[in-house]
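Following: one structure in structure tokens, then a few remarks.
Residue numbers (this note's numbering): 636 to 712.
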């Protein structure tokens, strides 16, 4: 849901500030998902791009797995 909502705002040329309590796990996961959708990259490439800007970004293993599963489900017609 977050990707659809925030992606819609960005498509309308609005800015979005994505944050969670610490900014290390959940918000980087959402940022990675947004980048994957925008760039058509896979989740690992998108998370690497997030880490280039925020080196401490480290979604938890289950969050990364959920992202990969979500991305694969998007690719299935």
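The beta-carbon is built from N, C-alpha and C at its ideal position, and this holds for glycine as well.
### Task
For the segment 692-706 and the segment 664-682, state whether three or more C-beta atom pairs, one from each stretch, are separated by less than 8 Å.
Contact holds between the segment 692-706 and the segment 664-682, because three or more Cβ pairs, one in each stretch, are under 8 Å apart.
### Query
Which one of 678, 670, 657 has the shortest CA to CA distance from residue 707?
Taking the first residue of the chain shown as position 1, residue 707 is located at position 72. It is 678.
#### Entry: Identity of the residue in 692, 670, 676, 690 nearest residue 645 by Cα
Taking the first residue of the chain shown as position 1, residue 645 is located at position 10. Residue 645 has its Cα closest to that of 670, out of 692, 670, 676, 690.
### Task
Rounded to whole angstroms, what's the CA-CA distance from residue 658 to residue 649? Just pull it up for me.
By one-based count along the chain shown, residue 658 stands at place 23. By one-based count along the chain shown, residue 649 stands at place 14. About 21 Å.
### Query
Using the C-alpha atoms, what's the distance from residue 666 back to residue 640?
As a position in the chain shown, residue 640 is number 5, starting the count at 1. As a position in the chain shown, residue 666 is number 31, starting the count at 1. Straight across, the Cα-Cα distance linking residue 640 with residue 666 is about 13 Å.
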